[in-house]
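Numbering (the working numbering), first residue to last: 519 to 635.
Each residue gets a CB set at the ideal place from its N, CA and C atoms; glycine is no exception.
Here's the structure, in structure tokens; my notes come after.
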């Protein structure tokens, strides 16, 4: 399977594990990021093998220098869920890797799905 990259909006700090607010307060944000990841994955027409690991490489391009790189992966659970929904797979198959770029406005996620695992 060939690798395909999709670009997604930068996840807000409200999706961080440090955000201890009530789940209902961030539910619309979670739903929006999940839906965007789902739609972009479908638009990219990505196909994956029926079994085995699925490589998912995330390049974080933050909008500024605020934030903690160790917490950035916590923010993208809705993104992984949306990608899994579009691929019709369990996200337990994902083999994630992460890269952290220098800040660029407005910030983004570059998610590469597939390739050799």
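Would you list the residues sitting across from residue i in a DSSP beta bridge?
| i | result |
| --- | --- |
| residue 572 | 612 |
| residue 617 | 577 |
| residue 637 | Nothing can be reported for residue 637, as the shown portion of the chain is limited to 519 through 635. |
Classify residue i: buried if its beta carbon has 16 or more other beta carbons within 10 angstroms, exposed otherwise.
| i | result |
| --- | --- |
| residue 622 | exposed |
| residue 559 | buried |
| residue 613 | exposed |
| residue 633 | exposed |
Cutting at 8 Å between CB atoms, please list the residues of its own chain near residue i, excluding the five before and the five after it.
| i | result |
| --- | --- |
| residue 556 | 600, 601, 603, 604 |
| residue 587 | 578, 618 |
Taking the C-alpha atoms as reference points, what is the distance between residue i and residue j?
| i | j | result |
| --- | --- | --- |
| residue 590 | residue 563 | 26 Å |
| residue 571 | residue 611 | 5 Å |
| residue 567 | residue 524 | 19 Å |
| residue 606 | residue 520 | 18 Å |
Within the same chain, show all residues whose beta-carbon is closer than 7 Å to that of residue i, passing over the 5 residues directly before and after it, in chain order.
| i | result |
| --- | --- |
| residue 625 | 528, 579, 580, 581 |
| residue 608 | 602 |
Near residue i, what residues of its chain come up, given a Cβ to Cβ distance below 6 Å and the 5 sequence neighbours on each side ignored?
| i | result |
| --- | --- |
| residue 631 | 522, 564, 574 |
**Item:** Touch test, the segment 596-614 against the segment 545-559, Cβ-Cβ under 8 Å, three pairs minimum
**Value:** Yes: at least three Cβ pairs fall under 8 Å.
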